[in-house]
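Position in the sequence shown (from 1) plus 14 gives the number in our numbering. Just so you know, even glycine gets a beta-carbon here, dropped at the ideal spot from N, CA and C. Read the structure below first, then the notes.
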Amino acid sequence: MAPWPWRCRREPSNGRSTSICSPPASISPTAANGAGKRRSNARATATSSASTSRRGRPPTTALFASGFDLTDGGKWSRQTTLYRQGDSDFVRFDVKARPTANDSKPSQFIARIYSAGRFLGSASRSVVIRRTAPVEAAARSAAAERSAAPAMLMLAAAPPQPAVTGNVTLGGAAGDDVPDLDVTILYDDPSGLGSGQIIIHSPHLAGPVTDTFSTPPEMAAWLDSEYRRLLQLGLSLRGAVSLQQPAASSDTGAQKRFVTLAAEGFGDALYRDYVPKPFKDVFWSLRGKGELHSIQITSNSPTLPWELIRPRSADGAVADGFLGMGYRLARWAPRSSASQVDNPLDRMTFTGVAAVAPSYVDKRSLRFQQDEIAALSKLYGYRRFDGDFTSFEKLVGEVSTGFIHFSGHGEVNQPSSGRPVFAIDLVDQSLDPDTWAALVAAAHGKGNPFYFFNACDTGRSQMLGGFVQGWGPAVLAGGASGFIGGMWPLTDRAAAAFSTDFYGGISTRIKDGPVYLAEILQDVRREFYQTGDPTYLAYTFYGNANLRIVAQ
């Protein structure tokens with residue numbers, strides 16, 4: 015077992031000490047007598063004059079190591095001691111690669127650093143496990159050795175990809191900037207779900223909660239079916255118009271009640287069958303003490319629709335509403351590139367809205383798109399860009415702050431269809447996440463704008479679920495401060511109403527001081543119970559659960 019040192023160096027910043035944290039420059043193969051086994055070490059540097067965090071607790075380092083098991087009997091999250099001068103102690107993890115029939119997919123060792131429940135930053139290193147044969151003994155023939163010796167698991171000796179490093183600073187945050195419930199979930203195979211790690215932090219807990227869990231892979235297909243059902247219920251039961259509009263030949267109240275019960279039953283099933291038990295335990299503990307107002311979910315799989323989960327106590331006596339309505343809820347993705355913001359921003363100045371609204375023709379035209387744009391045009395700092403690729407490229411290069419809003423068509427297709435799996439449709443091109451990444455890179459990652467993709471159904475999508483899975487992490491990787499998008503195709507009228515109420519809520523409430531963006535989303539989602547339209551439940555927010563929008 016060779017040590018894998020994870021070190022930080024101290025640099026002054028704004029009157030306090032800041033740690034620059036990074037993994038080692040290289041990873042060498044394991045020794046033959048320790049095949050597949052590594053000792054991972056982490057070291058952090060004190061970032062304040064005190065030896066512990068602002069609440070008297072030592073900082074903790076949580077290690078996520080997909081494809082590895084912990085072999086030293088400890089937990090995946092461990093405390094470290096900070097000294098008034100010099101580096102901290104090492105945090106050590108002994109891990110062993112799981113057996114594999116083939117070389118593993120590239121994965122990551124990710125170290126996430128916390129202080130009193132507050133996420134400070136992370137550093138990561140790409141890892142690949144390869145199966146190799148041991149060196150042949152000189153006394154045996156090459157053929158005999160190959161037939162007799164089993165393959166061994168070794169860490170790849172090829173030059174690794176550059177480490178993703180970051181700055182970590184202790185102190186300086188108000189207590190209400192820390193999410194009450196900070197959940198990190200990383201799957202060994204995010205595309206196939208299955209086994210994973212969960213680590214929960216909270217300023218209201220004595221220490222982190224760590225565990226392993228498993229999500230049935232068939233959940234993804236079930237979700238797609240449920241999304242299709244919600245969409246069809248909304249369309250067929252309301253005749254493609256809001257249930258607030260009277261229907262001449264049907265009982266509107268009964269329609270609304272049926273859709274409401276279908277959505278609530280969906281949320282109940284999500285909680286019962288797919289939410290990890292550690293989350294359930296901590297959720298009810300904090301809720302029972304009145305300490306739960308904000309929830310931050312960081313995961314390498316955006317498949318589970320956290321916004322639609324409806325918790326119920328273990329004895330069934332107490333039921334809660336949709337998480338997206340009852341709490342400030344936000345998602346985030348683990349940082350995969352240096353351009354991505356590691357710790358989502360907690361304050362954003364409202365500098366205006368830059369809107370892209372492609373003018374479609376014939377059957378592709380969106381009837382309520384103009385109503386949406388007319389409402390947005392009344393906002394402070396409004397700018398409109400044409401819906402062709404050249405104009406969109408210009409927008410990405412020019413707009414570095416505030417909101418960038420897309421009002422148009424989106425689609426999700428099968429990988430073998432010949433069309434982009436995920437796309438937003440401009441007038442002349444279908445823009446996919448990979449092209450998006452290249453476009454943002456060419457713009458040199460100017461600023462940290464917030465993106466709202468109000469992408470309605472194109473009518474030719476081959477799958478319903480997955481739009482936010484394709485776009486959320488991709489937009490964050492380009493340096494965005496946040497992203498809002500739909501989990502399934504949106505209907506034109508409700509989508510226009512949702513964005514109008516969202517921006518209108520910010521514009522109205524910001525006059526009285528900073529406003530939580532997630533609280534605006536809570537209010538707009540509650541329109542589901544007034545309209546009966548499931549579109550109001552479809553929106554996901556990537557960002558900081560406690561992000562506050564402030565006036566310029």
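In the three-state DSSP reduction, K392 falls in the coil class, being neither helix nor strand. Looking from the CA of E425, the closest CA among R126, A469, K270 belongs to A469. With a minimum length of 4 residues, the unbroken runs of alpha helix (DSSP H) contained wholly in the stretch 340 to 422 fall at 383 to 390, 403 to 412.
A contact is defined here as three or more CB-CB pairs under 8 Å, and the stretch 508 to 527 meets this definition with respect to the stretch 538 to 548. Ranking L219, P204, G519, L207 by CA distance to the CA of S129 puts L219 first. Its chain contains R324, R326 as the residues whose beta carbon lies nearer than 7 Å to that of D282, once the 5 sequence neighbours on both sides are disregarded; these appear in chain order. D360 sits close to N558, with the two beta carbons spaced by under 7 Å. Taking all protein chains shown into account, T95 has fewer than 16 neighbouring C-beta atoms within 10 Å of its C-beta and is therefore exposed. Where V223 is concerned, the enclosing beta strand (DSSP E) starts and stops at 223 to 229. Per DSSP, the continuous alpha helix (DSSP H) segment holding A509 begins and ends at 506 to 523. Per DSSP, G281 is one residue of the alpha helix (DSSP H) stretching across 266 to 288. At the C-beta level, Y465 and F436 stay beyond 7 Å of one another. For I534, no pairing in a beta bridge is given by DSSP. Secondary structure at A130: coil, using DSSP grouped into helix, strand and coil. D448 sits in a helix when the DSSP states are folded into three classes.
Between R345 and A369, the CB-CB gap reaches or exceeds 7 Å. In the three-state scheme derived from DSSP, where H, G and I count as helix and E and B as strand, K291 is classed as helix.
Here I124 really is in contact with F78; their C-beta atoms are around 4 Å apart, less than 8 Å.
Between the C-alpha atoms of P548 and G519 there is a straight-line separation of about 20 Å. The Cβ-Cβ distance between G131 and P72 does not fall below 7 Å.
Under the three-state reduction of DSSP output, Y201 falls in the strand class. Listed in chain order, the non-local C-beta contacts of T85 below 8 Å within the same chain comprise K51, D108, V109, K110, local neighbours out to five positions each way being set aside. Taking all protein chains in view, the Cβ of G267 is surrounded by fewer than 16 other Cβ atoms within 10 Å, so the residue is classified as exposed. Between S350 and A451, the C-beta gap is not smaller than 7 Å, which leaves the two residues out of contact. In this chain, the beta strand (DSSP E) harbouring T75 covers 74 to 79.
Counting along the chain, the unbroken alpha helix (DSSP H) around Y543 starts and ends at 542 to 545. Measuring C-alpha to C-alpha distances from A388 to each of E412, D402, S421, D376 identifies S421 as the nearest.
T549 sits in a helix when the DSSP states are folded into three classes. For R286, the closest alpha carbon among the candidates R126, I418, P230, Y341 is that of P230.
A residue is called buried once 16 or more other Cβ atoms fall within 10 Å of its Cβ, and T404, having fewer, is exposed. Counting the other CB atoms within 10 Å of its CB gives Y201 a total of 16 or more, which places it among the buried residues. Around the CB of L195, 16 or more other CB atoms lie within 10 Å, so the residue is classed as buried. With 16 or more other Cβ atoms from the protein chains shown falling within 10 Å of its own Cβ, R301 counts as buried.
With a cutoff of 7 Å on beta-carbon distance, A494 and P447 are scored as not near each other. From the listed residues D225, D526, A234, F542, the smallest Cα separation to D295 is found for D225. Sixteen is the threshold: when 16 or more other Cβ atoms of the shown chains lie within 10 Å of the Cβ of G484, as they do, the residue is buried.
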